[in-house]
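*Asks:*
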Amino acid sequence: MTELLTVTGPATGDVLAELPAATAADVDTAVGRARKAQREWGATAPGERAAVLLRVAALIEAHAEELALTETRQCGKPIRLSREFDVPGTADNAAFFAGASRAMEGKAAAEYSADHTSAIRRDPVGVVGSIAPWNYPLQMAGWKLFPALATGNAVVIKPAEITPLTTLRLAELCAEAGLPDGVLTVLVGTGPVAGEALVSHPGIDMVSFTGSTAVGKRVAQLAAQAPKRVHLELGGKAPFVVFDDADLEAAMHGAVAGALINGGQDCTAATRAYVQRPLYDAFVDGVADLFGTVRMGDPEDPATDLGSLISRAQAERVHGFVSRAATAGARIVGGRAPEGAFHEPTLVVGAAQDAEIVRDEVFGPVLVVLPFDSDDDGLALANDTRYGLAASAWTRDVYRAGRASRELAAGCVWINDHIPIVSEMPHGGVKASGYGKDMSSYALEEYTSVKHVMSDNTGEARKSWHRTVFAGG
Ligand code: NAD
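The sequence shown begins at 1473 in this note's numbering and counts up by one.
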């Protein structure tokens, strides 16, 4: 009997959809179709593929409100975020990759040996198996699909089984935009069944995964059996370093927005604020006050700042972290037991650097604040994590800013801000946050293989170098 997956709106408990769970056989069928379709799609000119992606961008804009509502309902995230970040960000990403893929070129073609002309081609990798998380379903699908499609690959994508609805709708819009049949398939299924079948399938040339570090490791192990190319965008635990010359007002507002975006369920969210001693008390009090003014409630109300988390289970998991931090001696501001999937903004003050709440990904509206004395200490504490996705430094001193951008070990360092992203610039981590880049022209490199073509330019039957191997004849 076919297993049904239920998509439930976490804020309301409403059942939004029931969908059959993809099986290993469904993966096999989708990959087979993708392999066939990729041959023709990969042979199209970049301009043709760009035209499809530009139509996708236009269709996303035309269906912006519908997409935003669906994203808000399936995730519980505030409608303002869906309208102003998720949907326009995805449309912009499609438009960016339409243009950027047409500007791709190899390095110089030249005679590196007198008798040969060398050139570089960038060929599609083939069929990409993509796996996406639940926190930004639409944007993550876009980040995975657009650079891969723009460079002539076919994609079989598995969204998180609890948030598949906007990815399914995006695939319909891609078909409407003229993407040929089979080039993109969305498989709604669980990680252990459909996810593992996809990663392990011999017809998948590359795996592009965004999700937790634990599952990322499993994915890399499975992919290593082939082996096949792997791109991993994993967890984060971003530090937020406030030096004593910082604009305190800006840092406090930055911390609230950076910690609470998407209910804190953001891999780059500010999670650990390290504040230099002279500003520490004022920062703690100021952020606590601002947290107290955050409007938590109905995600569909445009006045809401903080919606629900992705599920009741996630809210309880977050609360577990907070309770254990309290037991271990940290001072908690906020942090009452969740109501359903709603968890209030919570400040954890003065936890130990080696405490669980400082080291592990909480993925909720929780900010830890800790003091530091010297600049050396602040940067060392910020880097004292297994993750390396993002970090920010707050200072008005150009030399401190320069040092922080050099020394913070992360794929992205913001100066006097935290969170903004642009399609033109890469997103991706170091250390346990993974490897490879989403967005930007670097993503085009992920989804293409560099091929060296070396052509004899002498036309001679006996090449000069043959003598080295075969002197006679
Ligand atoms: P998750 O790792 O639980 O799941 C991610 C995806 O992997 C889902 O589609 C899931 O079904 C699938 N999956 C689960 N087990 C699998 C298996 N054994 N084989 C193959 N696929 C499997 O992550 P999540 O809870 O959905 O998302 C939150 C995590 O994602 C956080 O750790 C967050 O930091 C991370 N994230 C990272 C980025 C980034 O760009 N680095 C962006 C967004 C989210």
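Each residue gets a CB set at the ideal place from its N, CA and C atoms; glycine is no exception.
Model, not experiment: these values are computed from the prediction.
1. For V1902, which option in Y1859, A1876, A1933 and A1827 has the closest C-alpha, if you only look at C-alpha atoms?
2. Which class does M1897 belong to by DSSP, given the choice of helix, strand or coil?
3. Return helix, strand or coil for K1903, following the three-state DSSP convention.
4. V1499 and V1673 - do their beta-carbons sit closer together than 7 Å?
5. Please decide whether F1755 counts as near chain B, where near means a Cβ-Cβ distance under 7 Å.
6. Please go through the same chain and pick out, in chain order, the residues whose beta-carbon is closer than 8 Å to the beta-carbon of V1925, but skip the five residues on each side of it.
7. Give, in chain order, every unbroken run of the beta strand (DSSP E) that is at least 3 residues long and sits entirely within the stretch 1537 to 1616.
8. Below 8 Å on the Cβ atoms is my contact criterion, and I expect V1728 with V1759 to pass it. Report the Cβ-Cβ distance as a whole number of Å.
9. Quick one, are the C-beta atoms of E1533 and A1563 less than 7 Å apart?
10. In the structure shown, what three-state DSSP assignment does K1689 receive?
11. Thinking C-alpha only, which one of A1852, D1595, S1895 and V1841 is nearest N1565?
12. Tell me the rounded alpha-carbon separation between T1638 and R1878.
13. Rounding to the nearest angstrom, what Cα-Cα distance links A1506 and A1904 in this structure?
14. Give the straight-line distance between the Cα atoms of P1596 and A1622, rounded to the nearest whole angstrom.
15. State the Cα-Cα distance for the pair G1900 and T1635, rounded to the nearest angstrom.
16. For D1558, count the other beta carbons within 10 Å of its own beta carbon; 16 or more makes it buried, fewer makes it exposed. Which is it?
17. Could you tell me whether any non-hydrogen atom of the ligand NAD is closer than 6 Å to the CB of R1789?
18. Do G1779 and the ligand NAD come close, with the Cβ less than 6 Å from some heavy atom?
19. As a quick exercise: from S1602, H1791, L1762 and L1642, pick the residue whose alpha carbon is nearest that of V1702.
20. Starting from K1923, follow its DSSP beta bridges and name the residues at the other end.
21. Give the DSSP-derived three-state secondary structure of F1715 in the structure shown.
22. Might you give, ordered along the chain, the residues of its own chain that have their beta carbon closer than 7 Å to the beta carbon of A1509, omitting 5 neighbours on each side?
23. Following the continuous alpha helix (DSSP H) through Q1786, name the residue where it begins and the one where it ends.
24. Taking 7 Å as the threshold (C-beta atoms), are G1906 and L1706 in contact?
25. With respect to 6 Å, is the separation between the Cβ of T1682 and the closest non-hydrogen atom of the ligand NAD below this value?
26. Mind checking who A1620 pairs with in its DSSP beta bridge?
27. Within 6 Å: the Cβ of N1951 and any heavy atom of the ligand NAD?
28. What are the partner residues of L1744, as DSSP defines its beta bridges?
29. From G1485 to T1743, what does the alpha carbon distance come to, in whole angstroms?
30. Would E1721 be called buried (16 or more neighbouring beta carbons within 10 Å of its own) or exposed?
31. Apply the 10 Å Cβ neighbour rule to E1932 and answer buried if 16 or more other Cβ atoms are within range, or exposed otherwise.
32. Just the C-alpha distance for A1797 and A1620, rounded to the nearest angstrom, thanks.
33. Beta-carbon within less than 6 Å of A1536's beta-carbon, same chain only, minus the 5 sequence neighbours each way: which residues are those?
34. Between G1836 and G1735, which are expected to be in contact by the criterion C-beta below 8 Å, what is the C-beta distance as a whole number of angstroms?
35. Could you tell me the alpha carbon to alpha carbon distance between Q1546 and F1814, rounded to whole angstroms?
36. Quick one: give me the first and last residue of the alpha helix (DSSP H) that H1725 is part of.
*Replies:* With the structure as the only source:
1. Y1859
2. coil
3. helix
4. It should be pointed out that residue 1673 corresponds to His in this sequence rather than to Val. Yes.
5. Absent here is chain B; the protein component of the structure consists of one chain.
6. S1590, A1591, I1592 and R1593
7. 1582 to 1585, 1588 to 1596 and 1599 to 1603
8. 6 Å
9. yes
10. helix
11. S1895
12. 38 Å
13. 31 Å
14. If I take the Cα positions, the gap works out to 9 Å.
15. 22 Å
16. buried
17. no
18. For the ligand NAD, not one heavy atom lies less than 6 Å from the Cβ of G1779.
19. S1602
20. R1593
21. coil
22. Taking A1509 as the centre and dropping the five residues before and after it, the same chain places the C-beta of A1626, P1652, D1653, G1654 and V1655 closer than 7 Å to its C-beta, in chain order.
23. R1784 to T1799
24. yes
25. yes
26. Looking at the DSSP assignment, A1620 forms no beta bridge with any residue, so it has no partner.
27. Residue numbering for the chain in the displayed model covers 1473 to 1945; residue 1951 lies beyond these limits and cannot be assessed.
28. Reading off the sequence, residue 1744 comes out as Arg, not Leu. Answer is P1711 and V1840.
29. 28 Å
30. exposed
31. exposed
32. 42 Å
33. V1559, listed in sequence order.
34. 7 Å
35. Between Q1546 and F1814, the C-alpha separation is close to 14 Å.
36. Where H1725 is concerned, the enclosing alpha helix (DSSP H) starts and stops at L1720 to L1732.
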